[in-house]
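A.B. asks: Numbering (the working numbering), first residue to last: 1 to 336. Each residue gets a CB set at the ideal place from its N, CA and C atoms; glycine is no exception. Just so it is clear, the structure is predicted and the values come from calculations on it, not from any experiment. My structure is below; once you've seen it, I'll send some questions.
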Ligand SMILES: Nc1ncnc2c1ncn2[C@@H]1O[C@H](COP(=O)(O)OP(=O)(O)OP(=O)(O)O)[C@@H](O)[C@H]1O
Ligand SMILES: [Mg+2]
């Protein structure tokens, strides 16, 4: 398989500017572009595919610039949000289309289409038309069609967002399984942080027109560098404190930050442990399936704690008015 690199890439429209200094997708890696609507995910993917040309910069496959290659010469397979199947062709024909365009012999086409059908779990449905399939099945056809040409790079643009939650979860697991099995370098686009965490080797979090941070899912989740990444990936506690002698404290809650002056401390609600005591006030709580979310107040600052119900040191019915807290993992955000 190949590695994909974007170097100093710039794309400009009247009211939008996308600038990616450096983004690397390793050989056989599953990299996800994650970000809110309009941040430039699709544009980035379309530049890798060759449907969109950057004004400046290079797109490299295994170190070779592909800027001047049309999409069909880049060795890519692409899956879109809306499936984009040919309605007048059967499942078999839809999948075979790319191979027929390449002029492969009949027997070879047959063999490869059967392989792709099996890979995506569609055996037996090859003679149906797209309108006779569920959304999930149609997206499997689109996936088979992208894979059947044995691309070096698989590109997927929100392939699951038109499907309902159950199917979405099942199909994302299958996409991941197939990606691993084939070891195919993959760039996946989504605005769903849970989906990104579930499938990715690494995630590139995008904010309007640029990449904020790239890292492994848990690295981004627990050690975000910016407030944007922190908030985009889940519930966050962010405290603005002043550090003295390497420590920043809020009431009895202290963080060893190893620096002086203003700091912004970040931690997830599940890093906050509670036990009987009287340091902080319990303002409110909310039950979630199997968990509890507590709203706590320390010296005028509100923080969230989240625990599994069976690790609470007291019953929900006997919720105390005050508790002690301990934050077991935190990071210091970069200055904005
Ligand atoms: N062909 C185009 N001409 C002009 N502007 C465009 C074009 N394509 C995209 N844009 C603009 O570029 C910005 C980024 O669009 P893009 O489709 O890459 O975002 P996205 O992150 O994929 O969003 P979404 O999650 O909604 O799909 C938007 O402001 C969009 O309006
Ligand atoms: Mg998009």
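Going by DSSP, name the residue or residues bridged to residue 39.
C.D. replies: In the DSSP output, where bridge partners are listed per residue, residue 39 has none listed.
A.B. asks: Roughly how many angstroms separate the alpha carbons of residue 8 and residue 210, rounded to a whole number?
C.D. replies: So the alpha carbons of these two residues sit roughly 11 Å apart.
A.B. asks: Mark residue 153 as exposed unless 16 or more other C-beta atoms lie within 10 angstroms of its C-beta, in which case mark it buried.
C.D. replies: Per the 10 Å Cβ criterion, buried.
A.B. asks: What are the start and end residues of the beta strand (DSSP E) that includes residue 67?
C.D. replies: No beta strand (DSSP E) holds residue 67; DSSP gives it neither H nor E.
A.B. asks: Does ligand 2 have a heavy atom nearer than 7 Å to the CB of residue 118?
C.D. replies: No - ligand 2 has no heavy atom lying nearer than 7 Å to the Cβ of residue 118.
A.B. asks: Under 8 Å: do the segment 139 to 153 and the segment 111 to 120 share three or more Cβ pairs, one atom per stretch?
C.D. replies: Yes, they touch.
A.B. asks: Within the same chain, show all residues whose beta-carbon is closer than 6 Å to that of residue 91, passing over the 5 residues directly before and after it, in chain order.
C.D. replies: Result list for residue 91: 125, 126, 128, 141, in chain order.
A.B. asks: Quick check: is any heavy atom of ligand 1 less than 7 Å from the C-beta of residue 16?
C.D. replies: Checking the Cβ of residue 16 against ligand 1 gives yes.
A.B. asks: Is the beta carbon of residue 25 closer than 8 Å to that of residue 50?
C.D. replies: Taking 8 Å as the Cβ cut-off, residue 50 and residue 25 do not qualify as a contacting pair.
A.B. asks: For residue 94, report the span of its beta strand (DSSP E) as first-last.
C.D. replies: Segment 91 to 101 is the alpha helix (DSSP H) holding residue 94; no beta strand (DSSP E) there.
A.B. asks: So if I measure from each beta-carbon to every heavy atom of ligand 2 and keep distances below 7 Å, which residues remain?
C.D. replies: This criterion selects 41, 42, 157, 158, 189.
A.B. asks: Find the nearest neighbour of residue 10 within the set 58, 41, 30, judged by alpha-carbon distance.
C.D. replies: For the residues 58, 41, 30, the minimum Cα distance to residue 10 belongs to 58.
A.B. asks: Under 8 Å, do residue 78 and residue 44 count as touching if we go by C-beta distance?
C.D. replies: Their beta carbons are not under 8 Å apart, which means residue 78 does not touch residue 44 by this criterion.
A.B. asks: On the premise that residue 235 lies in contact with residue 309, defined as a C-beta separation below 8 Å, what is that separation, rounded to the nearest angstrom?
C.D. replies: That belief does not hold up - the Cβ atoms of residue 309 and residue 235 are roughly 17 Å apart, past 8 Å.
A.B. asks: Any heavy atom of ligand 1 inside 7 Å of the beta-carbon of residue 39?
C.D. replies: For ligand 1, at least one heavy atom lies less than 7 Å from the Cβ of residue 39.
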